[in-house]
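One structure is given below, encoded as structure tokens.
In the numbering used here, the protein residues as written are 2 to 391.
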């Protein structure tokens with residue numbers, strides 16, 4: 002990295018894991034992952050600026066000055082791939098530094114973005130676009146970024162949504178035994194999924210490749226076991242019907258089977274399980290949120306069936322225990338928001354974003370129903386044990 006990569010606040014790090022093409026379109030609080038605001042790799046651009054007698058520090062703190070400097074030098078920068086990448090990283094770091102809630106993200110195709118849920122800039126394309134932008138377009142972009150940087154998060158009127166799980170079934174869920182397989186790369190060597198890259202960042206060409214997706218087949222078995230467990234433990238109705246796939250707002254691909262589990266308490270959140278041919282599982286929790294497993298099966302993410310099964314179990318068991326909440330609408334943008342707290346208190350996650358339902362009527366119905374559970378969905382009622390006389 003070099004000592005000159007100290008122009009931005011926070012530790013200098015590598016790229017975060019890519020987002021999933023099937024993932025819920027919500028910005029998470031990243032308590033389970035890595036928030037990247039200061040990306041490594043811009044040292045060659047700092048040296049380039051120094052050679053021209055322009056302090057990179059001045060550019061790091063002024064977007065307009067940065068773009069004005071870049072525009073006449075774009076051709077020279079583009080001729081050197083290392084310098085071009087360094088300039089891209091520098092611009093992304095500048096954008097990520099404009100707001101406390103802004104950070105880097107990687108799209109499923111490997112493209113890099115900087116921003117938050119209100120504004121995300123595809124930095125790779127921004128550098129290319131600067132060369133084609135006229136003065137008016139450049140001024141408009143600077144104004145947009147300036148307004149975005151001064152427009153604080155729309156959270157002041159909305160207290161944190163943190164439902165607390167209060168009910169845990171006496172009979173604990175036991176994950177079924179999953180088959181153990183060995184997977185090999187093109188070179189014939191075994192792939193150690195879960196620790197494939199060690200302490201190194203994944204190669205850039207691994208972000209859009211998902212080899213050996215069959216390693217997630219066991220998620221089908223885990224989901225079936227969860228549905229059986231919920232049916233035997235809680236007072237619920239289970240409906241197996243392909244039509245329930247319409248509950249999802251994300252594209253799940255080819256659907257193989259669908260089951261909706263509805264607790265017999267309208268203040269408790271229903272769950273819809275969708276088995277996909279990927280292979281994977283998508284769970285629709287409550288009214289507005291979808292959770293895919295795996296969230297991303299690409300080689301860079303390096304997920305395993307065990308890690309995804311743990312996530313799936315956390316979601317389902319925590320919802321049943323009353324550790325799940327949803328809220329809509331939130332703020333000026335009318336976001337939908339969710340929060341999930343693990344049944345054992347070991348972790349939590351949350352997110353917000355725009356929703357995609359069929360019509361305004363559905364959104365209004367969701368708003369009314371969620372208004373009745375402002376602190377989160379209630380725990381599922383437990384199934385009553387049969388009496389001795391039954």
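The beta carbon of each residue, even a glycine, is placed where N, CA and C say it ideally should be.
Using the rule of at least 16 other Cβ atoms within 10 Å of the residue's Cβ for burial, across every protein chain shown, is residue i buried or exposed?
i           : result
residue 173 : exposed
residue 184 : exposed
residue 304 : buried
residue 54  : exposed
residue 73  : exposed
residue 94  : buried
residue 309 : buried
residue 195 : exposed
residue 193 : exposed
residue 106 : buried
residue 180 : exposed
Give the secondary structure of residue i by DSSP, where H, G and I count as helix, E and B as strand, and everything else as coil.
i           : result
residue 184 : coil
residue 106 : strand
residue 377 : coil
residue 145 : helix
residue 219 : helix
residue 364 : helix
residue 372 : helix
residue 354 : strand
residue 139 : helix
residue 7   : coil
residue 208 : coil
residue 98  : coil
residue 129 : helix
Would you mind giving the Cβ-Cβ distance between residue i and residue j, rounded to the nearest angstrom? I have them listed as a contact below 8 Å.
i           : j           : result
residue 131 : residue 68  : 6 Å
residue 336 : residue 354 : 6 Å
residue 316 : residue 284 : 6 Å
residue 92  : residue 120 : Contact flag wrong, Cβ pair sits at about 14 Å.
residue 324 : residue 301 : That pair is no contact at about 30 Å.
residue 243 : residue 256 : 7 Å
residue 265 : residue 236 : 5 Å
residue 36  : residue 104 : 5 Å
Taking the DSSP output, what are the residues bridged to residue i?
i           : result
residue 331 : 336
residue 115 : 105 and 122
residue 191 : 185
residue 349 : 342
residue 237 : 264
residue 14  : 40
residue 326 : 340
residue 383 : 235
- Kindly provide the ranges of any alpha helix (DSSP H) runs that are 4 or more residues long and lie completely inside the region 239-323, ordered along the chain. 306-321
- Item | Length at least 4, wholly inside the region 48-83: the alpha helix (DSSP H) runs in chain order | 57-61, 64-71 and 75-79
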